[in-house]
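**Q** In my numbering, the protein residues as written are 471 to 760.
A virtual CB, placed ideally from N, CA and C, is assigned to each residue, including glycine.
The structure follows.
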């Protein structure tokens with residue numbers, strides 16, 4: 471293939487200059503070497519492309535017919551090579567990531583900002599979805615990778631832990647537990663618990679913690695998004711066990727450490743098994759690591 475491209479470039483150089491000597495200089499070849507390449511191309515195609523005379527070189531009918539397709543072929547090839555090099559050096563492209571809503575509203579905006587400052591030609595698309603949906607999007611190759619928890623082993627997926635995200639108790643700033651440095655799970659269980667949706671990985675973890683500790687879960691209101699749950703906390707509707715990464719930094723809500731085993735969950739990158747990460751993805755994950 472490489473040799474065929476070289477022969478086509480030789481033909482185009484002669485066609486554009488109308489002169490073997492000028493074309494040979496442009497290609498850094500000797501006239502005799504250029505003549506050999508043109509003959510090889512004509513033999514390969516089975517047609518005569520050039521009409522040769524002592525004073526002029528012109529195109530045959532076959533040469534005229536082949537000129538534009540060959541020019542387009544080389545232009546397309548150059549574009550492919552340029553795009554591949556841009557992709558390899560993270561200069562241009564699109565990076566699509568499926569991530570937990572808590573990450574999209576907490577940790578990731580700062581990471582995206584730093585990434586875009588370093589790689590302004592890469593467009594970043596975040597899809598904030600629940601854990602099970604992340605697995606599906608990765609398997610169906612709709613995203614480059616996912617950022618979430620390893621909810622359950624799934625065939626065809628790989629999980630690599632990147633950081634830890636601790637569940638904390640979020641309470642209104644005037645709540646009896648607001649000034650505590652730490653609380654037990656039993657102390658938290660004494661208050662109505664605001665919960666995320668049933669398809670949320672946080673909801674599953676909270677229910678498992680209470681079940682393992684044989685504590686009653688006094689469920690209050692339920693909302694799909696953590697931002698909504700935090701708004702309900704601010705209004706005094708109850709307390710919530712949410713990831714530390716969900717912290718919005720607002721004064722109306724206090725975040726209290728929960729002293730209980732199992733409240734720390736691993737956040738990691740979810741990819742297809744044996745997937746080779748694109749260079750842009752590698753750079754993004756490097757910024758994500760603590």
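If you draw a straight line from the alpha carbon of residue 503 to that of residue 591, how long is it in whole angstroms?
**A** Counted from its first residue, the chain shown places residue 503 at position 33. Counted from its first residue, the chain shown places residue 591 at position 121. Their Cα atoms are separated by approximately 42 Å.
**Q** Just to confirm before moving on: does the CB-CB distance between residue 478 and residue 511 stay below 9 Å?
**A** Taking the chain shown and counting its residues from 1, one reaches residue 478 at position 8. Taking the chain shown and counting its residues from 1, one reaches residue 511 at position 41. Closer than 9 Å, so yes.
**Q** Could you tell me the distance, in whole angstroms, from the CA atom of residue 720 to the CA atom of residue 755?
**A** As a working note, residue 720 is residue 250 in the chain shown. As a working note, residue 755 is residue 285 in the chain shown. C-alpha separation (whole angstroms): 28 Å.
**Q** Closest by CA to residue 733, which one among 687, 678, 491?
**A** Position 263 of the chain shown, counting from 1, holds the residue named residue 733. Closest option to residue 733, Cα to Cα, is 678.
**Q** Which of helix, strand or coil does DSSP assign to residue 747?
**A** If you number the chain shown from 1, residue 747 lands on position 277. Coil at residue 747, not helix or strand.
**Q** Do residue 617 and residue 663 count as a contact pair if the criterion is CB distance below 9 Å?
**A** The count along the chain shown starts at 1 and reaches residue 663 at position 193. The count along the chain shown starts at 1 and reaches residue 617 at position 147. For residue 663 and residue 617, no; Cβs fall outside 9 Å.
**Q** Going by Cα to Cα distance, which pick from 538, 543, 520, 529 is closest to residue 474?
**A** The residue given as residue 474 occupies position 4 in the chain shown. Comparing Cα-Cα distances from residue 474 to each of 538, 543, 520, 529, the minimum goes to 543.
**Q** Please classify residue 651: is it buried, with 16 or more other beta-carbons within 10 angstroms of its beta-carbon, or exposed?
**A** Position 181 of the chain shown, counted from the start, is the residue given in the question as residue 651. Per the 10 Å Cβ criterion, exposed.
**Q** At 3 residues or longer, and completely inside the stretch 670–727: list those beta strand (DSSP E) runs for me, N to C.
**A** Counting only runs of 3 or more, we get 689–693, 710–713.
**Q** Once you ignore the five residues that flank residue 658 on each side, which residues in its own chain have a CB closer than 6 Å to its CB?
**A** Residue 658 sits at position 188 when you count from the first residue of the chain shown. Cβ neighbours of residue 658 beyond the five flanking positions: 639.
**Q** Consult DSSP for residue 738 and reduce its assignment to one of helix, strand or coil.
**A** Along the chain shown, one-based indexing puts residue 738 at 268. It is a strand residue.
**Q** Determine the extent of the beta strand (DSSP E) in which residue 648 is found, giving its start and end residues.
**A** Reading the chain shown from its first residue, position 178 is the one you call residue 648. Here residue 648 belongs to no beta strand (DSSP E), and DSSP marks it neither H nor E.
**Q** Around the Cβ of residue 752, are there at least 16 other Cβ atoms within 10 angstroms (buried) or fewer (exposed)?
**A** Walking along the chain shown from the start, residue 752 turns up at place 282. Exposed is the call here.
**Q** The beta strand (DSSP E) that contains residue 666, what's its start and end?
**A** Translated into the one-based positions of the chain shown, residue 666 becomes position 196. Here the beta strand (DSSP E) through residue 666 covers 663–666.
**Q** Give me, in chain order, the residues of the same chain whose beta-carbon lies closer than 7 Å to that of residue 518; leave out the 5 immediate sequence neighbours on both sides.
**A** Along the chain shown, one-based indexing puts residue 518 at 48. The residues are 512, 530, 532.
**Q** For residue 539, count neighbouring C-beta atoms within 10 Å of its own C-beta (all shown protein chains included) and say buried if the count is 16 or more, exposed if not.
**A** Mapped onto the chain shown, residue 539 falls at position 69. Classification of residue 539: exposed, given that the 10 Å Cβ count is below 16.
**Q** Please work out which residues of its chain come closer than 8 Å, Cβ to Cβ, to residue 611, disregarding the five sequence neighbours upstream and downstream, and give them in chain order.
**A** Reading the chain shown from its first residue, position 141 is the one you call residue 611. Correct list, in chain order: 742.
**Q** What alpha helix (DSSP H) runs, 4 residues minimum, are completely inside the stretch 597–646?
**A** Listed in chain order, the complete alpha helix (DSSP H) runs (minimum 4 residues) inside the stretch 597–646 are 601–609.
**Q** Go through the stretch 510–546 residue by residue and report every complete run of the beta strand (DSSP E) that reaches 3 residues or more, in order.
**A** Within the stretch 510–546, the complete beta strand (DSSP E) runs of at least 3 residues are 520–522, 527–529.
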